[in-house]
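**Student:** Below is a structure I'd like to ask you about.
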Amino acid sequence: PGPRQPPPPPPRKQTKLDIQLARLRKEMYSLRELDLSLLSHLWSLNESIQEYRALQELLSPTSPSSDVEDDSLYSNLPPLHEQVGYPLSSSSSRSSNNGFTEL
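With my numbering as the guide, the letters of the sequence shown map in order to residues 83 to 185.
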């Protein structure tokens, strides 16, 4: 027979700090999921507002003074998804635990 391997060390008992860290990881993961969900809803809302404004411009005559004011406020802003700097995808939720493992 081959050389014997030493037995694995017994599992370490979890300390109060380990338990608190595990709870914090779960809460951070949950908050990240909530954040991504809210961001997704904001993107949808922004798109709906943009569509609504475009439809309103097509259907109603515009007042030159109010349009100039509105356009000067918002015309230079990029769409919301370009401001954030990263796309939201289905893989975001899978990788959103920032390297932490569930305990």
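Glycine included, every Cβ here is placed at the ideal spot set by N, Cα and C. On a predicted model such as this, the values are computed, not experimentally measured, just so you know.
In the DSSP assignment, find the alpha helix (DSSP H) that holds K108 and state where it starts and stops.
**Tutor:** Its alpha helix (DSSP H) spans residues 98 to 141.
**Student:** Rounded to a whole number of angstroms, what is the C-alpha to C-alpha distance between L113 and K95?
**Tutor:** Cα to Cα, the separation comes out at about 28 Å.
**Student:** Whole angstroms are fine: how far does the CA of R107 sit from the CA of T97?
**Tutor:** If I take the Cα positions, the gap works out to 15 Å.
**Student:** Can you grab the Cα-Cα spacing for the pair E109 / H123, in whole Å?
**Tutor:** Going by the C-alpha atoms only, they are around 21 Å apart.
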